[in-house]
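Residue numbers (my numbering), protein chains in the order written: chain V, 18 to 258; chain E, 18 to 258.
Have a look at the structure below, then the notes.
2 protein chains.
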Amino acid sequence: MAEQSEQQSEQSEVSIWLRPARSGRGPAPAFDRDRLAEAGVALADAQGLAAVTMRAVAQSLGSAPASLYRYVATRDELVELMTDRVNAEISYAGLGAGDWLDDLLVLAREARAVCLRHPWLLDVFASSAPVGPRTLAYLDRCLACLDELPLGGKDKLEAIAVLQSLVASLARAELAKQLDATEPPPWRRARDEYLRHAAATGEYPHLTTVLKDAGPAGSKSADELFDRIVTRALRGLLLAR
Amino acid sequence: MAEQSEQQSEQSEVSIWLRPARSGRGPAPAFDRDRLAEAGVALADAQGLAAVTMRAVAQSLGSAPASLYRYVATRDELVELMTDRVNAEISYAGLGAGDWLDDLLVLAREARAVCLRHPWLLDVFASSAPVGPRTLAYLDRCLACLDELPLGGKDKLEAIAVLQSLVASLARAELAKQLDATEPPPWRRARDEYLRHAAATGEYPHLTTVLKDAGPAGSKSADELFDRIVTRALRGLLLAR
DNA sequence: CTGGTTCTGCGATCGCTGTTCGCAGTATTG
DNA sequence: CAATACTGCGAACAGCGATCGCAGAACCAG
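Below you can see the structure in the form of structure tokens.
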């Protein structure tokens with residue numbers, strides 16, 4: 018009696034968080050969504066987001082590619098599950114020790130830690146902004162920090178978005194730095210070779226002198242200058258729109 | 018006499034900017050690298066970076082996919098050409114009107130404008146950092162701004178990198194905002210529906226109240242608060258590493 | 001216990017991607 | 001005039017996400 022075609026075609030446009038995992042009938046599934054996410058996270062942690070293919074995940078679960086589509090409608094949904102899953106690592110224990118800005122900063126540092134543990138997250142955020150229950154829990158905590166501020170709802174959301182993208186940017190910078198320490202991305206050699214060649218031509222005088230300067234980085238005054246530059250830049254760029 | 022196999026396998030690991038475009042012999046090529054980049058940019062501007070497939074670019078040039086590999090070793094190299102090409106839009110006319118920070122800001126705004134004109138650039142920067150001659154010219158100008166500052170070479174480069182990622186973040190925010198005004202990405206409907214549902218459950222109280230608040234965004238005090246939050250966050254995050 | 005229903009796992013396959021190989025043809029060189 | 005070194009490109013390959021339909025397992029109503 019029930020016409021399943023209608024139901025299915027409609028479900029495919031509904032968020033996975035609103036779709037029931039199963040509905041009682043039939044054989045018991047071999048795993049669940051969270052097991053899927055776990056396998057995906059393991060693969061992404063080890064070999065990057067690109068290694069999370071339906072075939073690879075299926076194999077790591079001892080299953081077949083087509084089977085995964087019983088749990089997930091698309092690969093993007095799998096990434097959504099993965100993203101929400103790692104949000105479970107966020108601890109809310111350090112809150113309440115200072116004012117609202119301190120709390121906001123504690124939350125930002127937690128987010129930063131998650132990004133450092135799972136670098137593929139930055140790739141995810143680059144092309145989408147998945148939202149699951151645990152993401153909402155984090156977002157809710159952030160909003161709580163801004164509770165008493167004289168800001169409209171949209172402004173609060175935007176403030177958190179800007180802060181979040183700042184967290185991502187700095188996490189990316191940190192990861193890039195500790196990636197420099199390791200060996201052999203093959204295309205980096207090529208880029209560095211071109212850079213050295215360009216510096217040698219003298220067409221880019223400032224670049225040439227800067228590359229020669231092999232002095233150590235990071236000083237007290239450097240951090241202060243960063244603040245100056247970024248604050249001023251932020252103001253100038255916000256004003257420009 | 019010449020053993021081409023050696024040459025080719027070695028060339029494939031050399032930056033495209035160090036590889037000669039052609040070497041005199043044989044028939045004249047049907048186009049050049051820049052024509053390739055132009056076609057790629059046109060496609061990316063119109064339909065996003067994902068639309069820049071070797072087949073699509075070839076077709077828009079009235080050519081065949083395999084032919085492109087006479088000009089470019091991989092698709093990534095094509096993206097590299099595209100990225101460098103749009104850097105030609107940067108104008109250095111507004112420089113010299115103020116102090117070094119003013120100049121740096123003028124450059125940042127130029128970069129922001131390029132990102133807004135070619136949103137796919139943000140996708141490129143998310144997964145790599147292509148460097149071509151025009152990119153180096155821009156970088157050199159930025160370094161010139163920092164010339165008289167008591168900073169090490171590495172610090173100067175890092176300062177510019179942070180600034181650049183800030184530009185990208187804000188550009189992304191702007192693009193997201195003007196994307197909200199347009200119609201229906203199909204997966205956004207699904208996400209918003211879940212968001213409304215989550216707000217209705219009462220599990221995320223602050224989110225619920227914030228979503229109810231439909232008041233207009235953007236005020237003088239909001240921009241000032243942004244500054245406070247972001248500056249403080251930057252300091253806290255830089256200190257944490 | 002039985003028959004129908006509803007689900008599951010999955011082999012086979014589709015359309016798409018980036019990329020490679022080798023061949024036919026053409027311009028330059030000695 | 002040959003030899004050479006290039007060009008464009010048809011055909012093909014491997015890998016990707018995703019779909020279809022079927023065999024079989026679990027549940028429920030009677």
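In this text, a Cβ means the ideal position worked out from N, Cα and C, and glycines have one as well.
Here the structure is a predicted model, which is why all the values come from computation and not from measurement.
Put simply, of E/D120, E/D116, E/R102 and E/Y86 the residue whose alpha carbon is nearest the alpha carbon of E/A110 is E/D120. In this structure, E/A250 places its C-beta atom within 8 Å of the C-beta atom of V/L183.
Annotated three-state conformation of V/P136 is coil, per DSSP. Measuring C-alpha to C-alpha distances from E/A56 to each of E/L122, E/W34, E/V103 and E/P44 identifies E/V103 as the nearest.
Note on geometry: alpha-carbon atoms of V/L35 and V/A217 lie some 59 Å from one another. If you draw a straight line from the Cα of V/A67 to the Cα of E/A215, it is about 31 Å long. For a cut-off of 8 Å, the C-beta gap from E/A61 to E/L133 is around 14 Å, too long to register as a contact. Scanning chain V for C-beta atoms nearer than 8 Å to the C-beta of E/D140 yields A143 and S144, reported in chain order. Cβ-Cβ distances below 6 Å link V/L224 to A216 in the same chain, with the five nearest sequence neighbours on each side left out; the list follows chain order. Note on the segment 154-178 of chain V: there is no whole alpha helix (DSSP H) run with a minimum of 4 residues. Annotation: V/V74 to V/R52 spans about 10 Å, alpha carbon to alpha carbon. Taking a cut-off of 8 Å for Cβ pairs, the segment 125-132 of chain V and the segment 80-89 of chain V do not touch, as fewer than three such pairs fall below it. Those residues of the segment 31-48 of chain V placed with their C-beta closer than 9 Å to a C-beta in chain E are V31, S32, I33, W34 and L35, ordered along the chain. Taking 8 Å as the cut-off, the beta carbon of V/R39 is found no closer than this to the beta carbon of E/V148. For E/G57, the enclosing alpha helix (DSSP H) covers residues R50 to Q64. When C-alpha distances from E/S144 are compared across V/M99, V/A114, V/R151 and V/L192, the shortest belongs to V/L192. One alpha carbon belongs to E/K173, the other to E/A47, and they sit about 43 Å apart. With 16 or more neighbouring CB atoms inside 10 Å of its own CB, V/Q181 falls in the buried class. When C-alpha distances from E/R245 are compared across V/L212, V/T199, V/L166 and V/G170, the shortest belongs to V/L166.
Using a Cβ-Cβ cut-off of 7 Å, E/S80 is close to nothing in chain V; its nearest Cβ partner there is about 26 Å away. With contacts defined by Cβ atoms closer than 8 Å, V/D101 and V/T70 do not form a contacting pair.
Distances from the alpha-carbon of E/D157 to those of V/G43, V/L212 and V/A198 put V/L212 closest. The C-beta of E/R189 comes closer than 8 Å to at least one C-beta of chain V.
In this structure, the straight-line span from the alpha carbon of V/P150 to that of E/E220 is close to 9 Å. Judged by beta-carbon spacing, V/F142 lies within the 8 Å limit of V/A185, meaning their Cβ atoms are closer than that value.
The residue among E/R92, E/H135, E/A105 and E/A114 with its C-alpha nearest the C-alpha of E/Q64 is E/H135. Taking the C-beta atoms as reference points, V/L124 is found nearer than 8 Å to V/C159. Boundaries of the alpha helix (DSSP H) around E/L228: P222 to K229. Excluding residues up to 5 positions away in sequence, G57 and V89 lie with their Cβ nearer than 6 Å to the Cβ of E/L95 in the same chain. Secondary structure of E/T91 (DSSP, three-state): coil. Contact of E/R208 with chain V is assigned, a C-beta pair being separated by under 8 Å.
Think of a sphere of 7 Å around the beta carbon of V/R213: no beta carbon from chain E falls inside it, the nearest being about 10 Å out. Here DSSP, grouped into helix, strand and coil, assigns V/A188 to helix. A straight line joining the alpha-carbon of V/G170 with that of E/T226 spans about 8 Å.
Going by DSSP, E/P203 is part of the alpha helix (DSSP H) stretching over P203 to T218. Among the residues facing chain E, V/A176 is included, as its CB has a counterpart in that chain under 8 Å away.
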